[in-house]
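Everything on this sheet refers to the single structure shown next.
Number of protein chains: 2
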Amino acid sequence: MKSYRFGNPFSTGAVIEKPVKFLQIDELPGFKLTKSSASVILRYRMQKDDIVIGLGEQLGGINKRGRKYITYNTDIPEHTPDKLSLYGSHPFIIIQGRYNEGLFIDYPGEISFDVGFSDKDILEITVGSADFDLYHWQDNRWQDIVTSYLELTGGVYVPPKWAFGYQQCRWSYPEAKSVEEVANKFRQLGIPCDAIYLDIDYMQDYKVFTVNEERFPDFGRFVKELRDKGFHLIPIIDPGVKIESDYPVYEEGKKHKYFCTDEQGEDFQAAVWPGLTHLPDFSNAATRNWWGNLYKKFIELGIEGFWNDMNEPAIFYTNYQQQGVYDKLQAAADNKALDKVDLIGLQWQIRNFHNSREDYQSIYQHPERDKTVCHDQIHNLYGAQMAQSFSESVQQSYPDKRFLIFSRSSYSGSQRFGGIWYGDNKSWWEHLELNIKMLINCNLVGYFYSGADIGGFGDNCQAELLIRWLQLGVFSPLFRNHSAIHTRRQELWEFDKATMNQARKIIRLRYALLPWLYSQFLEFASMNIPLIQSLSWSFSEPRCREIEDQLIYGGSLMIAPVYKPNVSGRMVYLPQDKWLLWWAGSWEDRKMKVLAAGDHFIECPLDRQLIFIKENTLITMQEPEDYVDQRKPDTLFIIGLVSSTAQVKVLVDQGKYPAFAGMAVLDITMVKQEKNYEIEIKTVNRELLQWQQLVFELYNDQGNLTILHRKLI
Amino acid sequence: MKSYRFGNPFSTGAVIEKPVKFLQIDELPGFKLTKSSASVILRYRMQKDDIVIGLGEQLGGINKRGRKYITYNTDIPEHTPDKLSLYGSHPFIIIQGRYNEGLFIDYPGEISFDVGFSDKDILEITVGSADFDLYHWQDNRWQDIVTSYLELTGGVYVPPKWAFGYQQCRWSYPEAKSVEEVANKFRQLGIPCDAIYLDIDYMQDYKVFTVNEERFPDFGRFVKELRDKGFHLIPIIDPGVKIESDYPVYEEGKKHKYFCTDEQGEDFQAAVWPGLTHLPDFSNAATRNWWGNLYKKFIELGIEGFWNDMNEPAIFYTNYQQQGVYDKLQAAADNKALDKVDLIGLQWQIRNFHNSREDYQSIYQHPERDKTVCHDQIHNLYGAQMAQSFSESVQQSYPDKRFLIFSRSSYSGSQRFGGIWYGDNKSWWEHLELNIKMLINCNLVGYFYSGADIGGFGDNCQAELLIRWLQLGVFSPLFRNHSAIHTRRQELWEFDKATMNQARKIIRLRYALLPWLYSQFLEFASMNIPLIQSLSWSFSEPRCREIEDQLIYGGSLMIAPVYKPNVSGRMVYLPQDKWLLWWAGSWEDRKMKVLAAGDHFIECPLDRQLIFIKENTLITMQEPEDYVDQRKPDTLFIIGLVSSTAQVKVLVDQGKYPAFAGMAVLDITMVKQEKNYEIEIKTVNRELLQWQQLVFELYNDQGNLTILHRKLI
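In order, the protein sequences belong to chains A and B.
The first sequence begins at 1 in this note's numbering and counts up by one.
The second sequence begins at 1 in this note's numbering and counts up by one.
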């Protein structure tokens, strides 16, 4: 990797240890550079078979060719294929070709990536500034570029284990009673669940860090009661601080100059849910410290998880925009021409209120007392630095505790502070398919803990879509069902009884697999290798470069989700060599079959999902609990197709910070002998491992099953 | 089939010969009927494996289960999965299950079809009226229900042969020069093309049936010059008649009371492209006669094709809607509170101007002098009756000539008057995939001559998408590239040279296949069997019921379009038994391979497309021309995999009306002998067949090729 500096860049914090020396740049081998005072253009001629990956949270496929992308974080409610930006910016891109080139352009404003859209052979990157850092890799293995990028930007956030449980959200459960009803329903129906979310209506007048006391009397007790039932309550946190006298957050922020300003230095006003607000200036360390500490009020009440929303930052409108329309109307009124106002033009003008670029260009931030930066130039950092504020402040106060924290907006590097979700998707089959790609693309830039709203946020879900989405969700680290106001309810029991029963089986499967799913998360995070990968990560067959509807979780499992309606099966491509297909209907039902490499049409009715265990790898399971670590089952099942040797490590962390502190390990190695299996078991911190019994379910390459029992000593 | 009458229905004209006797209905076997004065609800319990097809131009799949659909024609610019209505209404639905039930609900207002959306097992049809006709089939073969429906509703429109040529459109070629440039470009580059379109800007101030004389001086000469080069010029026709004194169409319509009215009997005002307009009342025979005759002005100048647009009818806004906003603004101004107007609310109010249901409910039509019907109740007939007006009047004046006529809006039955296109799609891969289903779904209700805008109308196309879309387009009877104003240009030469070359090869392939493509159209139209079919039409394997990304054209060809970006091939399912894969790069390049039934991954780089010829069927080709019937090549190629017997009919119609008048036929039958082929050739009207030479390219089931030559005597 080589590091180049253009001009005098803003320090984004994306890279944890700056290289000692930045190189001066006149040319970048393979690229044509065009510099001006306001932009730098990099052009690269792609070969016909080159594949371009990266860019993190973006639409399009895993292979990014044929489209344009823009890094400019935006609150965008319709994820249709024409959209060039979503909520996060991750300007890291890899060309898989002759040399495997990697680029990370550390610039938090607008960059456009024209990946063969205007000219199918040309990758053209236009950085909207002459001040940025550029990291360039040329490597034999593109996978090594990914790992190097993750190391450079500080590794990967690891959530507490309970955050791997199923989670239920709705805009909104607006008062204690509706939360309680949902919680009780889970326990009555025996559906595992670890978290229930509070969307914006829990607040008093949408004032961040407040709770409406009428709707949530004795909030602290409520939080604890839920915890006793095994639920975490997770409030939403929006950055906009309502302008309201005597509201402490507002008064403090105003007094200490924690807010973004306009050009004149007045606190900038932006309307969001609470009406007019000020936006905390997260570029400033003092602001971050202040803001981060605000979460503690909730933490002291027992809250252990938060979701940061609206932090692109979303702006519904500003006074400036509004005044423009009022002036126009007033002028028409003065001329007695109100009945000649062009209403269609007015419609467009009002529509452009939302997240207006003009507004972002009018916001100023002050990373230091005497330093002023136009927000537009560091726009993409806003959500990342909000996450940073939590990480810095809360971790300081609770040095050995890990929290669940995830965000809508993000920027390269913020994957070490927390996770993300993919924002306002819809109850569309197309968005279930998109979810597969998003998992792979976001893992590639380190957001292992991420996921889409299961069932779709906007629009109306239906039973089959929910079931198919839950089936994918089993392998989504963030496994949360969420839906918008005014849409059909999509809690699991809101459809027919068969759907509810099937949903329960799927979620119990998730909990059964938790020892393995979470272990793999820890292991891959420790190696800075994406947890969820495209097939091409591990398999070199040319076909794997084009498969975008299957994914690998950890090293062992391949998932082929059904993402089309009304089908009883799907085609699956299996790379080398053998796979154990688990035709999973429930965690107990081990319908297994050995399959060879190649294309297979595999039946997959609604009550089944397709899980493929790679030959000579092992997965682990335990009896599902109602919530994570409820009963700590004492039997661990170890399952696989072992034809030569296989190994599995079960990592059990203690929820401490940092993630790997005091971890217990169960390390199992086995060798297939002619007639039996040789098993070696090693442990670290044995006393922290809950399991007493190990049950091995071992298949040979003929599909014959051997069951072995071991005590864990 | 049984016919039932509810109440006193409006006569839609959908059914050509009314049954002598309608049955009284108290119950419909298998359905639960709920009647009220304003609606009828039909509920049907679907079996788990039932497939539901039909509904014509709608989103969703070929199998309609799991979604809701509403018949209420609408001008809708974003075909995202949440949309419940498009431009046409075809309330014909088939449940493929134990009995194969078919329903055609002949009601031209709103009907909702909840096909297992609210309850996955229930089909619930809510007819928004107590007055309608219902046709009910129970048949052993669902295919027979389709044919019976097509017979009942009058069969299928057959366009003239040149309408099978490639067609180029753009919003807009606004003056003669830009049309000429496009035309010349086709001939210079040797890309076949038969038609160029005029979008709204050719008119004077958007006044229908006018031509802007500055931009098109001597329009008649221009039309003829283009015809000399082999191009048909096809103007757009919108129903809204601009309110403007001395504009003859307006004055005539007003004088003779040809327009829709409001409740008070005043001509209804609706704003569309020209500003405020009146809408012709096509429910009235005198209006239809008047309107139909207006086309003749163009016909006399040599125009032979038209596209009817905006005939849902689209309404941008009405005075009533606008006044509501102005009143609100005025009230605020009077209170000096203009600066308190809720702009977000205003935005929604203005947005709802477009195609407002309230407006449709305020329009009245007068099918007879003393009869008044609220438009809302017959809304879906508007475009169909506009097409009817052309068909009735023009055909009367030119009794033996066939015209190209197609429409955006349609209703069951209007498939006998003309074709349709699928409206404002986008340059999205998703919409290329949708195109496959739309072809099948629209053919099922008789719109054989239909197609999507190749390359996508809205949003920006790119080279690979255009190529893949053209490849599908070869098998789309309406084969028209069209794109919207403000989007990237997508004429074939607007990308790189390789793309243009490839586009030419694809279009030449279309022209090479024309003898076969057009013959099949004629043959299937004469039998009332869909020309383009899902695999399940002819193949009973259960897999075929679920395949929605392959199609059958005519009886012989299966098409497996590539509809994903950046792939070098795709999976294809081949039903029984053997298929001759033509790995087509150009018409000359006969790279063939025999494939057996089953799943195949088939390489398909961008310069190839996959055409599968069914065993024991034959297709015919000739050297491509620059436009249809330019040179009338004298050699016909007959190609197929013949292992026992095969037959092909080439039908050559004379462009006369009715379609099958004076048709010439070349009828070839062949029988595979042990060592050679026995060929029998019959002709009808031999003198009208252009071919002198027949070249047979016959493959046996081992893939060995035999070439035979015959003179056509």
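Note that CB positions come from ideal geometry on N, CA and C, so glycine has one too.
None of the values given here were measured: they were computed from a predicted structure.
Beta-carbon spacing of residue i, residue j below 8 Å
{"i": "D144/A", "j": "G97/A", "result": "no"}
{"i": "Y157/B", "j": "Q388/B", "result": "no"}
{"i": "F306/B", "j": "P235/B", "result": "yes"}
{"i": "R67/B", "j": "F117/B", "result": "yes"}
{"i": "Q167/A", "j": "R288/A", "result": "no"}
{"i": "Y360/B", "j": "H375/B", "result": "yes"}
{"i": "S568/B", "j": "E546/B", "result": "no"}
{"i": "K224/B", "j": "W429/B", "result": "no"}
{"i": "D133/A", "j": "S245/A", "result": "no"}
{"i": "L509/B", "j": "S586/B", "result": "yes"}
{"i": "A176/A", "j": "H232/A", "result": "no"}
{"i": "L338/B", "j": "Q347/A", "result": "no"}
Nearest neighbour of residue i, chosen from the options [CA to CA]
{"i": "E151/B", "options": "V445/B, T261/B and Q24/B", "result": "V445/B"}
{"i": "M46/B", "options": "H354/B, F31/B and G569/B", "result": "F31/B"}
{"i": "K578/A", "options": "K229/A, D201/A, K120/A and N700/A", "result": "N700/A"}
{"i": "Y206/B", "options": "K185/B, P174/B and Q692/B", "result": "P174/B"}
{"i": "Q264/A", "options": "F6/A, Y295/A, V373/A and I122/A", "result": "V373/A"}
{"i": "T645/B", "options": "T635/B, K614/B and M621/B", "result": "K614/B"}
{"i": "F216/A", "options": "I467/A, V642/A and Y202/A", "result": "Y202/A"}
{"i": "D342/A", "options": "N140/B, A130/B, L514/B and F353/B", "result": "F353/B"}
{"i": "W691/A", "options": "N481/A, Q622/A, K649/A and S283/A", "result": "Q622/A"}
{"i": "K146/A", "options": "L492/A, L55/A and S129/A", "result": "Note that residue 146/A is Val in the sequence shown here, rather than Lys. Residue L55/A is the option with its Cα nearest to V146/A."}
{"i": "F479/A", "options": "Y135/A, D599/A and L470/A", "result": "L470/A"}
Residue range of the unbroken alpha helix (DSSP H) whose run includes residue i
{"i": "T71/A", "result": "From DSSP, T71/A is part of no alpha helix (DSSP H) but of the beta strand (DSSP E) over R67 to T71."}
{"i": "V684/B", "result": "No alpha helix (DSSP H) contains V684/B, which is instead part of the beta strand (DSSP E) from Y677 to V684."}
{"i": "S519/A", "result": "K497 to M527"}
{"i": "V249/B", "result": "P248 to K255"}
{"i": "Q377/B", "result": "H375 to I378"}
{"i": "Q365/B", "result": "Segment Y364 to E368 is the beta strand (DSSP E) holding Q365/B; no alpha helix (DSSP H) there."}
{"i": "R468/B", "result": "A463 to G473"}
{"i": "V182/B", "result": "A176 to L189"}
{"i": "A331/B", "result": "N319 to D334"}
Residue i - containing beta strand (DSSP E), residue span
{"i": "W579/A", "result": "G569 to A584"}
{"i": "W429/A", "result": "Where W429/A is concerned, there is no enclosing beta strand (DSSP E), although the alpha helix (DSSP H) it sits in stretches over W429 to L444."}
{"i": "N308/B", "result": "G305 to N308"}
{"i": "Y553/B", "result": "L551 to Y553"}
{"i": "L42/B", "result": "V40 to R45"}
{"i": "R221/A", "result": "Note, R221/A: premise wrong, no beta strand (DSSP E); alpha helix (DSSP H) at F219 to D228."}
Contact belief for residue i with residue j at Cβ below 8 Å, rounded distance in angstroms
{"i": "V684/A", "j": "E678/A", "result": "Rounded, the Cβ-Cβ distance is 21 Å, inconsistent with contact."}
{"i": "C461/A", "j": "Q490/A", "result": "4 Å"}
{"i": "S407/A", "j": "G383/A", "result": "5 Å"}
{"i": "D75/A", "j": "M310/A", "result": "7 Å"}
{"i": "Y573/B", "j": "Q550/B", "result": "7 Å"}
{"i": "I532/A", "j": "I454/A", "result": "Actually they are not in contact, since the Cβ atoms of I532/A and I454/A sit about 16 Å apart, beyond 8 Å."}
{"i": "F521/A", "j": "P477/A", "result": "6 Å"}
{"i": "F448/A", "j": "N425/A", "result": "About 19 Å separates the two Cβ atoms, so there is no contact after all."}
{"i": "R351/B", "j": "A659/B", "result": "Actually they are not in contact, since the Cβ atoms of R351/B and A659/B sit about 44 Å apart, beyond 8 Å."}
**Prompt:** Taking the runs of the beta strand (DSSP E) that are 3 residues or longer, which of them lie wholly in the stretch 109-166 of chain B?
**Reply:** 111-115, 122-127 and 132-138
**Request:** Mind listing, in chain order, the continuous beta strand (DSSP E) runs of no fewer than 3 residues lying wholly within the stretch 375-412 of chain B?
**Result:** For the stretch 375-412 of chain B, whole beta strand (DSSP E) runs of length 3 or above, ordered along the chain, are 404-407.
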